[in-house]
Structure formats: C-alpha cells, structure tokens
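Written below as structure tokens is the structure these notes are about.
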Amino acid sequence: NRGLCRAESLLQFWNYSEPLINKLTRNQILEAVNDYDRKNNDLDQFLTNIKRNDSGYITGAQVTKMKWKFPYSDFAWKWEQEFSKLFRTNPTNFKELYAYCFYDFTQYGTGFEEDALLVFIGYSIMGVYIIICLGKCNLVEQKLGLAFVGIMCVAIGFFVTLGLGGLFNITYGALNRVLALLLLGIGIDDMFVILGALNNLSNLEKQRPVPEQIGLIMKHAGISITITTLSDITAFAIGATSAFPGLRTFCLYNCIGILCIYIMQITFFASCMSIDLRRVLDNRDGLFCCYKHTDYTPNKCSEKEVLKIIFYKGAKRYLSKKPVKIFVIILTFLILAICAWSLSQLETDTNWQRVMYATNAPYYRYFLKDEKYFSTNKVDVYCKSLTYSVDQNAYQKMAYDLSQSSYVLKDYTVNWLTGFLQWCKEQNFNVSVSKVNPNYFDVFLDDFKMTLEKFWFSKEGTPYRIYVDHQVHYNCLLEIPKYILCSALYCNSTFFKSDEEISECKSRMKTETFVPHCNCTSSGVLGCVCVTPNCIDELTQNTSTVYSMKCTIDRRRCRINSTNLPFSNMNCFNKRISYPVTKLSMRIKEMSKNSQRMDVMKELEDRVAKYFNQTNCLVFSKHYLEWRINAVLEWEIKRNLSLAFLSVFVITFMMIMNWKTSLLVVIGVIFTLVDISGSLNFWGLYIDTTSCVIVTISVGLVVDYSVHIGFTYMTMKGKNNDRMIITMKEIGPPVFHG
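Start counting the sequence shown at 13; every next residue gets the next number (the working numbering).
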C-alpha cells in the first residue's frame with residue numbers, strides 16, 4: 013500500500029525494497045548513511061544521538077524516526093486503526109518505542125473524564141466545607157439545608173449558563189471545563205458575604221421581623237455583591253474580545269454564568285435564607301425541620317464565632333499599631349518587588365503539548381520525545397500552483413535570497429529544485445547557467461514533468477521526494493457496452509472517468525495511448541490486439557500485443573473482470589503528473605525571545621514576497637503557530653489588564669463614590685496580579701493560554717475581595733483605626749471563606 017502514502021525514513025535510501033534491505037550488512041548501511049550525510053544536511057530528521065569517530069565518520073545512532081503520510085480517506089482511517097492497535101505495545105526489539113497517529117488523539121480524548129471527576133469532588137468538598145463553616149454547631153442553628161441551597165444555586169446557574177450559551181450559539185470550548193469550578197468559587201463567595209451580613213446584624217436588628225432582617229442584609233450584602241458582579245462581568249467581557257476563540261467563548265460563558273448566579277443568589281438563595289431564618293426563630297431542628305425543640309438553649313461553645321474573634325483581636329492588637337502597619341507595607345512592597353522581578357523574567361511557552369494534551373495519553377509521551385530528540389528550528393516555504401518549467405528561475409532566486417539571511421544557518425537550506433537541476437546538468441541535459449550569478453541556471457527540456465518524474469526515482473532524487481507532493485492521475489476503464497468496445501467508436505467513448513470521480517478503480521488505461529481491436533465470443537473469452545502508439549516513456553515505435561481476458565456477455569454489454577487486466581501488456585499509458593505543493597526547507601538560529609522569533613519570520617516572509625505572493629508561497633514553521641499565539645497573548649494580556657483595572661476603578665467609584673477607596677481597590681488588584689504572575693515563573697510556568705486564563709480568573713476573584721473590604725470600610729463610622737478593626741471583624745471571615 014505504499015502507493016497510497018508517503019513515507020519518510022532511512023529506508024528510503026534503498027527505495028523501500030524489502031529484499032534489498034534484508035540483504036544489507038552493517039557496513040553497507042553505514043556507508044549509505046554516510047554517503048547521504050556527505051551530500052545532504054538533513055540527516056537529523058531521521059537520526060539523532062549520532063555517534064562519529066575522530067574523522068567524522070558515522071558509526072551509529074541511538075534514535076530514529078519514521079513517518080507515514082496519508083491523504084485523508086477511509087483507507088487511511090482503517091490503516092491508522094491497525095497502526096494504533098499494533099503499536100499500543102512495543103512489538104519490536106527497540107529499547108523504547110513511541111508511536112502516534114491521529115486516530116490515537118481522537119480515541120484517548122482530552123482528559124474530560126478526569127476533569128468531570130474533579131468537578132464532582134470539588135463540589136462535594138465545598139458542600140462539606142460550607143456545612144461546617146456556614147452555621148453554628150448546634151441542633152437549630154446549623155445550616156445544612158441552606159448549604160445545599162447555596163450549592164444548588166451555583167449548579168442551576170451553571171446549567172442555565174450552558175443552556176443560554178447554546179441558545180445564543182456560543183461554542184462550548186475545551187477551556188469551559190473549568191467553568192463549573194470557577195462559578196462555584198464566585199457563587200460561594202457571594203453566599204458567604206450574604207450570610208456574613210446576617211451574622212453581623214446587631215441584637216436590636218435581630219428583634220425585627222424576618223422581612224426587615226432580610227432587607228437589612230441585602231441592603232449591605234446586595235450592594236457589595238452587585239459591585240463585584242459588575243466588576244467580574246466587565247473583566248470577563250474584556251477577555252471576550254480576545255483573538256483566541258477558546259478564550260473568547262470561555263469569557264462569554266463566564267459573563268453569562270456570573271450574571272445567572274448573581275440573580276439566583278439575590279432571589280432564590282435570599283428567599284430560602286428567609287425561610288431558614290424563620291426556622292431558627294421557631295426553634296426547629298436544622299436537619300429535621302418538622303421537629304420543634306421546646307425550651308431550647310444552644311450550647312455556649314457553638315455561640316463563639318472563632319474566626320470573627322481571630323480577625324477582631326488580630327486587627328485590634330496588632331494591625332492597628334503603627335510599627336505593624338509599617339512592617340506590613342514594607343513586606344507588601346518587598347514581595348511586590350520580588351514578584352515584579354520574577355515577572356520580568358517570565359517567558360512565553362514553546363512546549364504547547366504540555367498545556368494542550370492529557371499527560372496520561374501516549375501521544376503526549378510521543379510529542380515529548382519528539383521535542384527532545386528532533387526539535388530543530390526548521391522553517392519551510394510551501395509553494396503551490398507554480399509552473400516550474402517557467403518559474404524555476406524565480407524559485408532559485410528566492411531560495412538563494414533566503415539562504416543569505418543572517419538568521420538562516422549556512423549550508424542548512426534544502427532546495428529540491430537545485431538538486432533536480434544539478435542532476436540534469438550531470439545527465440548532460442540542456443542547461444543554461446546565468447552570467448549574473450552562477451547559482452542560477454535553467455534547464456530546457458522537451459517534457460519538464462516527465463524528466464522530473466525520472467529524477468524522483470533516481471538515486472540522486474530519492475532524498476528529495478519528501479519535499480514534493482507528487483500526484484499522478486490516470487483514467488479508468490470500467491464497464492463498456494459491447495457495441496462500443498468492439499467497434500471504432502471505442503476511442504470516443506464517454507465511459508471513461510477520472511480517478512477523482514471513481515473509487516476503487518483497478519484497471520488504468522488511457523484512450524489516447526492505445527487502440528484495442530477486440531472480438532467478443534460466445535465462450536466468454538475476449539481476444540484483443542493492443543496496438544501501442546508513440547509514447548514518451550518508450551522508444552518511438554509501434555508494438556502489437558495479443559492477449560485475452562475473461563468476460564461475460566449480458567445482452568448488449570460485455571463485462572470485463574478488471575482484476576485480470578494484464579498490466580504487463582499495457583506499459584504505455586498516458587499519465588497526468590502534477591505537483592500541487594512543494595516545499596523548501598531551512599534552519600534558523602536559536603532565538604531566546606518570542607519577539608526575535610517573530611522578527612525572523614517577518615524577514616523571511618518579506619524575502620519570499622519579492623518573488624511570489626502569499627497565495628503561491630507561504631513561510632511556515634512547526635513552532636510558528638506557537639510563536640504567533642505567544643505574540644498575541646503578550647499583547648492581549650497587557651491590553652486586557654489595563655482595561656480591567658480601568659473598568660474596576662470606574663465601577664467601584666460609581667458604586668462607592670469615593671475615589672481613594674476605589675484607587676486602593678485597583679492598587680490591591682494590581683499588586684495581587686503582579687504577585688500571581690511573578691509566582692508563575694517561580695513555579696516553572698510560562699505565558700501561555702493556561703496562564704492567561706489564570707490571570708483572567710484572578711482579576712475576578714481579587715476584585716471581589718478588594719471591593720468587599722473597601723465597601724464595608726466605607727459603611728463604618730468613627731476613627732480610621734476603629735473602622736478598620738470593625739471591617740476586619742465583619743468582612744474578614746466571609747472573605748477568608750471565599
């Protein structure tokens with residue numbers, strides 16, 4: 013089945029001839045490898061960890077790579093299934109074997125099952141945490157039912173988000189798997205703030221009717237979570253302008269989800285809280301609400317709010333003192349300085365497999381090894397729709413111009429056209445060398461394509477096959493009516509169709525190349541004489557061959573069993589050869605910064621543009637997409653964060669109406685994001701789509717905490733120290749729980 017694919021490996025040195033390969037000795041193999049290495053500079057695409065002796069002669073290698081390329085078809089899919097099944101284990105004697113095909117990627121998924129389990133575990137842990145922290149440890153004031161309602165609000169909001177996203181035709185991307193956990197964090201934070209306002213009611217306020225208590229709670233908590241909701245939605249709305257579809261849809265879903273959960277919290281959760289408040293006032297059991305406790309007195313231990321006491325005493329005894337304030341400010345700026353320095357060292361990620369693929373999948377292990385052993389700064393120029401018999405001069409000039417770039421490594425440019433023209437020169441074809449530049453020379457042939465076809469199957473042309481998409485098209489003879497097959501009308505028959513229109517065509521003939529004279533007999537034997545006209549493939553002479561094949565006569569049709577068609581008797585058929593795509597390869601110098609890599613690609617693109625437009629020739633690298641993504645990410649992070657800071661300041665100022673507090677909120681957000689981003693470098697992370705999502709999420713969460721503290725501080729009265737102490741006492745526990 014080699015005719016259906018293109019293979020790239022050391023075996024191409026022997027034209028994939030199994031009998032020949034089986035007879036090779038070690039010395040013959042080494043001689044062939046060294047011969048290739050002397051004439052070409054791309055041996056490391058097949059071999060790495062190469063061992064050489066003192067004279068540079070290759071004596072061995074530790075790693076090799078083989079590739080098979082298929083046009084997309086049913087056959088290719090079945091081939092990949094067999095390939096995956098065969099190489100799921102190591103069927104060879106190699107110490108290590110790593111295999112990958114596209115079928116593996118579709119079968120192993122992207123870790124969704126593991127993520128779904130994490131979501132379930134996350135919600136379960138959160139439920140237990142809420143039950144423990146939300147209420148008090150006694151029979152009446154425990155909040156088991158309210159904790160369940162809070163989780164349910166988030167879950168309902170999540171499913172409503174999915175429904176609305178589908179209704180608005182917003183794509184559900186891979187990043188959205190984090191959505192459930194993110195909305196859980198934001199939703200629970202709002203719930204703790206509402207319940208914190210309940211716990212902060214004075215004894216006098218707790219004597220009021222339940223509706224008034226709910227009104228007082230929402231008067232404070234409602235404004236606070238409204239500010240944070242608006243800030244979060246704005247931050248994610250800015251992220252929704254991203255150039256990356258995955259990040260864009262993720263942010264859109266977050267905007268919808270935060271709004272849905274906000275509505276659920278201020279309506280459904282607040283309503284359930286009023287019911288729970290009535291239950292507590294009526295001394296009904298927290299687990300079995302039908303049971304009413306008589307003469308119930310809660311235990312003293314449960315009435316102690318430990319976290320509130322810790323925040324109150326910590327703020328009063330320590331944080332209110334000037335030396336401690338100075339120490340906190342110095343420590344804050346010290347951490348900020350360290351993280352800012354670390355942030356300046358943060359690089360963009362080039363290992364895209366690390367963040368895109370599930371680490372337990374075989375293709376992840378394959379890509380890691382591929383990057384380790386076969387990672388080269390290779391850049392290719394893909395060209396299509398060129399007529400090389402006409403465009404060869406411009407193509408050579410482009411290749412020479414690219415090789416003169418200061419970024420391109422010398423002697424590491426592979427140009428198949430140069431190899432072909434050099435071969436033509438050695439074969440004494442009509443070659444014209446340029447007087448201006450001896451690197452340019454043209455070849456003038458009667459049939460450029462047929463000569464190029466011979467080059468591919470020569471020893472000199474074999475290494476260059478991987479640089480050309482070589483296609484050959486024939487015409488197919490299928491079922492032909494008897495009166496046409498056995499008459500002069502045969503040559504004008506309309507029953508010939510091209511390969512593109514007919515699948516599983518087995519007999520390949522061309523009407524212009526031979527004229528059969530056939531007699532169908534009643535015995536079912538077709539006797540034919542094939543008169544072969546002049547052909548390019550053969551010498552200019554006519555040959556006649558007599559052959560016969562089985563056929564069945566059905567009324568007026570003569571059915572030919574095409575599998576018995578004697579190919580050896582029809583060695584002169586016309587072929588339509590085309591080269592839809594070719595490539596020119598080079599290697600560039602190692603660049604440490606992403607901006608430098610983009611400059612290299614820009615220069616190479618400009619050099620190519622002198623000779624061909626982008627629709628004909630395209631500069632591309634395996635890592636180019638990563639470099640391009642990183643360049644956009646760097647710009648988007650700066651833009652999005654700047655807009656987020658500005659919007660947070662405006663929204664906070666509009667709701668609080670105090671520019672100092674609004675400025676402090678923004679400063680708190682900026683400091684925290686610098687600390688987070690700087691920590692990424694300490695953790696060995698990079699600027700990539702994942703870290704971009706982390707920063708986007710961090711904006712939403714940090715805004716919540718800063719706004720809650722700032723807004724609560726503004727509602728307090730008295731001296732600054734007293735306001736700070738009461739703020740820490742009232743909003744500290746909800747923020748801590750959040």
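For each residue, glycine too, the CB sits at the ideal point set by N, CA and C.
Task: Pair within 8 angstroms by beta-carbon distance, residue 195 and residue 178 - done: Against the sequence shown, residue 195 aligns to sequence position 183. Against the sequence shown, residue 178 aligns to sequence position 166. Not closer than 8 angstroms, so no.
Task: Coil, strand or helix - residue 428 by DSSP - done: Here residue 428 refers to the residue found at position 416 when the sequence shown is read from its first residue. Three-state DSSP puts residue 428 in a helix.
Task: Selected residue, minimal CA-CA separation from residue 100, among 377, 706, 604 and 426 - done: Here the question's residue 100 lines up with position 88 in the sequence shown. Checking every option, the nearest Cα to that of residue 100 belongs to 377.
Open item on the list: If I measure Cβ to Cβ from residue 263 and keep anything under 6 angstroms in the same chain, skipping five residues before and after, which residues do I get?
Closed with: By 1-based counting over the sequence shown, the position of residue 263 is 251. Excluding residues within five positions, the ones whose Cβ falls inside 6 angstroms are 248, 251 and 252.
TODO: Only counting runs of 4 or more residues, tell me where the alpha helix (DSSP H) segments fall wholly within the region 685-720, in order along the chain.
DONE: none
TODO: Would you kindly check if the distance between the Cβ of residue 691 and the Cβ of residue 707 is under 8 angstroms?
DONE: Within the sequence shown, numbered from 1, the residue matching residue 707 stands at position 695. Within the sequence shown, numbered from 1, the residue matching residue 691 stands at position 679. No; because the gap between Cβ atoms is not below 8 angstroms, this pair is not in contact.
- [ ] Give every residue of the same chain whose Cβ lies closer than 8 angstroms to the Cβ of residue 714, excluding the five residues on either side of it in the sequence, and list them in chain order.
- [x] Start at 1 with the first residue of the sequence shown, and residue 714 comes out as number 702. Cβ within range, chain order: 680, 681, 684 and 685.
Open item on the list: Quick check on the burial criterion: 16 or more other C-beta atoms within 10 angstroms. Buried or exposed for residue 239?
Closed with: Indexing the sequence shown from 1 puts residue 239 at position 227. Residue 239 comes out buried.
TODO: Return the CA-CA distance between residue 744 and residue 665, expressed in angstroms with no decimal places.
DONE: Along the sequence shown, read from residue 1 onward, the residue named residue 744 stands at position 732. Along the sequence shown, read from residue 1 onward, the residue named residue 665 stands at position 653. Roughly 22 angstroms separates the two Cα atoms.
Task: Three-state secondary structure (DSSP) of residue 105 - done: Counted from its first residue, the sequence shown places residue 105 at position 93. In this structure, residue 105 counts as coil in the three-state DSSP scheme.
Open item on the list: What ranges does the beta strand (DSSP E) occupy inside the region 592-630, keeping only unbroken runs of at least 3 residues that lie completely in it?
Closed with: 593-599
Task: Per-residue DSSP class, three states only, for residue 306 - done: In the sequence shown, counting from the first residue as 1, residue 306 sits at position 294. In the structure shown, residue 306 sits in coil (DSSP, three-state: anything other than H, G, I, E or B).
Task: residue 97 - containing alpha helix (DSSP H), residue span - done: Sequence index remark: in the sequence shown, residue 97 carries index 85 (1-based). Residues 86-98.
Task: Boundaries of the alpha helix (DSSP H) in which residue 648 is found, first to last residue - done: Against the sequence shown, residue 648 aligns to sequence position 636. That run of the alpha helix (DSSP H) goes 636-668.
Task: Residues sharing a beta bridge with residue 236, DSSP - done: Position 224 of the sequence shown, counting from 1, holds the residue named residue 236. Per DSSP, none; premise fails for residue 236.
- [ ] Kindly indicate which three-state DSSP category residue 19 falls into: helix, strand or coil?
- [x] Your numbering for residue 19 matches position 7 in the sequence shown. In this structure, residue 19 counts as strand in the three-state DSSP scheme.
Open item on the list: If I follow the unbroken alpha helix (DSSP H) through residue 288, where does it start and stop?
Closed with: The count along the sequence shown starts at 1 and reaches residue 288 at position 276. Unbroken alpha helix (DSSP H) run through residue 288: 282-293.
- [ ] Compute the Euclidean distance between the alpha carbons of residue 386 and residue 57, then round it to the nearest angstrom.
- [x] The residue given as residue 386 occupies position 374 in the sequence shown. The residue given as residue 57 occupies position 45 in the sequence shown. Residue 386 and residue 57: Cα-Cα distance of roughly 7 angstroms.
Open item on the list: Helix, strand or coil for residue 81? Go by DSSP, reduced to three states.
Closed with: As a position in the sequence shown, residue 81 is number 69, starting the count at 1. Of the three classes helix, strand and coil, the one that applies to residue 81 here is strand, per DSSP.
- [ ] Buried or exposed for residue 302, please, with buried defined as at least 16 other CB atoms from any protein chain shown within 10 angstroms of its CB.
- [x] Looking up residue 302 in the sequence shown gives position 290. That one is exposed.
Task: residue 207 in three-state terms, based on DSSP - done: Taking the first residue of the sequence shown as position 1, residue 207 is located at position 195. Residue 207 falls in the helix class under three-state DSSP.
- [ ] Grab the span of the alpha helix (DSSP H) containing residue 40 for me, first residue to last.
- [x] By one-based count along the sequence shown, residue 40 stands at place 28. Unbroken alpha helix (DSSP H) run through residue 40: 38-51.
Task: residue 277, buried or exposed, once every other Cβ within 10 Å from all chains shown has been counted against 16 - done: On the sequence shown, residue 277 is found 265 positions in, with the first residue counted as 1. Under this definition residue 277 is a buried residue.
Open item on the list: Just list the residues that DSSP pairs residue 394 with in beta bridges.
Closed with: Here residue 394 refers to the residue found at position 382 when the sequence shown is read from its first residue. Paired residue(s): 595 and 630.
Open item on the list: Tell me the residue span of the alpha helix (DSSP H) that contains residue 739.
Closed with: The residue you call residue 739 lines up with position 727 of the sequence shown. It spans 732-749 - the alpha helix (DSSP H) in which residue 739 sits, taken as one unbroken run.
Task: At least three beta-carbon pairs within less than 8 angstroms, the region 607-626 to the region 215-224 - done: no
Open item on the list: Quick check on the burial criterion: 16 or more other C-beta atoms within 10 angstroms. Buried or exposed for residue 133?
Closed with: As a first step, residue 133 is located in the sequence shown; it is residue number 121 there, counting from the start. Per the 10 Å Cβ criterion, exposed.
TODO: If I'm right that residue 738 touches residue 728 with Cβ under 8 angstroms, what's the distance once you round it to whole angstroms?
DONE: Taking the sequence shown and counting its residues from 1, the one referred to as residue 738 is at position 726. Taking the sequence shown and counting its residues from 1, the one referred to as residue 728 is at position 716. Residue 738 to residue 728, Cβ: 5 angstroms. Contact.
Open item on the list: Rounded to the nearest angstrom, what separates residue 245 and residue 265 at their Cα positions?
Closed with: Locating residue 245 in the sequence shown gives position 233, counting from the first residue. Locating residue 265 in the sequence shown gives position 253, counting from the first residue. Using only the alpha carbons, I get a separation of about 10 angstroms.
Task: Helix, strand or coil at residue 111 [DSSP, three-state] - done: Looking up residue 111 in the sequence shown gives position 99. Residue 111: coil per DSSP, three-state reduction.
Task: Distance between residue 23 and residue 69 (C-alpha atoms, nearest Å) - done: To locate residue 69, count along the sequence shown from 1; it is residue 57. To locate residue 23, count along the sequence shown from 1; it is residue 11. So the alpha carbons of these two residues sit roughly 20 angstroms apart.
TODO: Pull up the distance between the alpha-carbon of residue 323 and that of residue 746, whole angstroms please.
DONE: On the sequence shown, position 311 is the one that residue 323 refers to. On the sequence shown, position 734 is the one that residue 746 refers to. Rounded to the nearest angstrom, the two C-alpha atoms are 11 angstroms apart.
Open item on the list: Assuming contact is defined by CB atoms lying nearer than 8 angstroms, are residue 305 and residue 146 in contact in what I supplied?
Closed with: On the sequence shown, position 293 is the one that residue 305 refers to. On the sequence shown, position 134 is the one that residue 146 refers to. No, Cβ-Cβ distance for residue 305 and residue 146 is not below 8 angstroms.
Open item on the list: Can you tell me whether residue 656 is buried or exposed? The criterion is at least 16 other CB atoms within 10 Å of its CB, across all chains shown.
Closed with: Numbered from its first residue, the sequence shown carries residue 656 at position 644. Under this definition residue 656 is a buried residue.
Task: Limits of the unbroken beta strand (DSSP E) element including residue 162 - done: Within the sequence shown, residue 162 is the residue found at index 150, counting from 1. Not the beta strand (DSSP E): residue 162 falls in the alpha helix (DSSP H), residues 156-179.
Open item on the list: To the nearest angstrom, how far is the alpha carbon of residue 717 from that of residue 310?
Closed with: Position 705 of the sequence shown, counted from the start, is the residue given in the question as residue 717. Position 298 of the sequence shown, counted from the start, is the residue given in the question as residue 310. Distance between the alpha carbons of residue 717 and residue 310 is about 32 angstroms.
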